[in-house]
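Take 965 as the starting number for the sequence shown in this note's numbering and just add one per residue. From the three backbone atoms N, C-alpha and C, an ideal C-beta is built for every residue, glycine too. Predicted model only: the values in this text are computed from it and were never measured. One structure below.
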Amino acid sequence: GLLPDASWKIGDLRGKTGKAYERNSWKLESQLEVDENPLAVGEKVRTCLDDVLRRTRDHADRFKTVASGRTAGLYLRISANDAPALETKADTITAISTLGVDLEIDLML
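Structural data, given as structure tokens:
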């Protein structure tokens, strides 16, 4: 009942590389650009995370079922010149936990 922003199946070709995907994947995306102020970056990370969690809220049971016994996660990629100030509220942590997925944060400085 929730349409992905992107998806692929094992064997689908990966763009111009000619390589095939080795895993099925389904994803939601949220992306914002912001000035390099570390506080502003942290705020926009929370905005993107809240956007994805809002979209999944009515489907948490299904996410948990699908994630059970599989590799499933919420992946955050943050590109910044300086380490941003990141704060995660307790209700956000609870929402992620309700989905039954892992959280990975990739900070690219």
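I want to know whether the region 1039-1050 touches the region 996-1010 - three or more CB-CB distances under 8 angstroms. Yes: at least three Cβ pairs fall under 8 angstroms.
Shortest alpha-carbon distance to N988 belongs to which of A970, T1058, I1042? Minimum Cα distance to N988 is reached at A970.
Straight-line gap, E986 to G1037 (C-alpha atoms, nearest Å): The alpha-carbon atoms of E986 and G1037 are separated by roughly 17 angstroms.
Among T1035, L1040, K1028, which residue has its Cα nearest to the Cα of K1008? The candidate whose alpha carbon is nearest that of K1008 is L1040.
Quick check on I1069: buried or exposed, where buried means 16 or more other Cβ atoms within 10 Å of its Cβ? Residue environment for I1069: exposed (fewer than 16 other C-beta atoms within 10 angstroms of its C-beta).
Whose C-beta lies closer than 7 angstroms to the C-beta of F1027 among residues of the same chain, with five residues either side of it excluded? Cβ contact annotation for F1027 (same chain, cutoff 7 angstroms, sequence separation greater than five): T1020, L1063, G1064, V1065, in chain order.
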